[in-house]
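Okay, structure first, notes after.
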Amino acid sequence: AQSVTQLDSQVPVFEEAPVELRCNYSSSVSVYLFWYVQYPNQGLQLLLKYLSGSTLVKGINGFEAEFNKSQTSFHLRKPSVHISDTAEYFCAVSRSQYGNKLVFGAGTILRVKS
Amino acid sequence: DTGVSQDPRHKITKRGQNVTFRCDPISEHNRLYWYRQTLGQGPEFLTYFQNEAQLEKSRLLSDRFSAERPKGSFSTLEIQRTEQGDSAMYLCASSLQTYEQYFGPGTRLTVT
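Residue numbers (our numbering), protein chains in the order written: chain A, 2 to 115; chain B, -15 to 96.
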């Protein structure tokens, strides 16, 4: 069975500082990895995805993530955050033969302070 | 492309009542998913349709839950005899044979 662990439940950071949100997954087979963002009272929006190829994936809003197979990690990074990045971020994994259903981590709340 | 829509956005019901939620996917998307999200947790998979066929159901989906997608377009999720533990955000997502799922705004259910 697949599982996703987001190592930090909350990450406070000052505006314009860099940030890393950590995600580790467990699976015995190849997986596809995603980061979603959820703003208050809204649905989930896809930030970026890793399907294959380059291990460094760039997404929207200046976010990027690096797939590390040996460490089974998919950490999300942004070099300089804005107040508007305050939201909850979810890491997710899927396997194609299961209809691409997503298995999510518990989420990390990013709080950007001025 | 108007995105995935869900109705209602909020539902308050008394324990023991039945509720039904609707999801309208992006028009050309053939896959539709339901997830449930409780406070402080990530979304959990409930069920999945490809066109009108329900291909997978989670063990989370008890006998009180039923989902349909009769014509391969919109879908409904019904909960019978609601319990307080059913209080959650119910999310719908759709996709087109790709790995990218587009989510709706969700329906927040409160069972009193």
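Where a beta carbon is used, it is the ideal one built from N, C-alpha and C, also for glycine. All figures in this text were calculated on a predicted structure; none of them were measured in a lab.
- Here the alpha carbons of S71 (chain B) and Q39 (chain A) stand approximately 19 Å from one another.
- Of all residues in the stretch 46 to 76 of chain A, the ones placed with a Cβ closer than 9 Å to any Cβ belonging to chain B are Q46, L47, K50 and L52, in chain order.
- The C-alpha of T4 (chain B) lies about 34 Å from the C-alpha of Y26 (chain A).
- Not one beta carbon of chain B lies nearer than 8 Å to the beta carbon of L111 (chain A).
- With a threshold of 8 Å between beta carbons, F5 (chain B) makes no contact with chain A.
- The beta carbon of Y17 (chain B) falls within 8 Å of a beta carbon belonging to chain A, placing the residue at that interface.
- Among the residues of chain B, those whose CB is under 7 Å from the CB of F105 (chain A) are G26 and P27, following chain order.
- Distance between F91 (chain A) and Y37 (chain A), taken at the CA atoms: about 5 Å.
- L75 (chain B) sits close to G88 (chain B), with the two beta carbons spaced by under 8 Å.
- Between N2 (chain B) and F15 (chain A), the alpha-carbon positions lie close to 46 Å from each other.
- In chain order, P89 make up the part of chain B whose C-beta sits under 7 Å from the C-beta of Q43 (chain A).
- At a Cβ-Cβ threshold of 8 Å, P19 (chain A) and K114 (chain A) do not count as neighbours.
- Per DSSP, the unbroken beta strand (DSSP E) holding F68 (chain A) starts and ends at E65 to N69.
- Runs of the beta strand (DSSP E) lying entirely within the stretch 70 to 111 of chain A and spanning at least 3 residues, in chain order: 74 to 79 and 88 to 95.
- Proximity of K102 (chain A) to chain B, defined by a Cβ-Cβ separation below 8 Å, is satisfied.
- Looking only at A:T109, A:I110, A:V104 and A:G108, the smallest Cα-Cα distance to Y17 (chain B) is reached by A:V104.
- Cβ neighbours of D9 (chain A) within its own chain (closer than 8 Å, five residues either side excluded): L22, R23 and T109.
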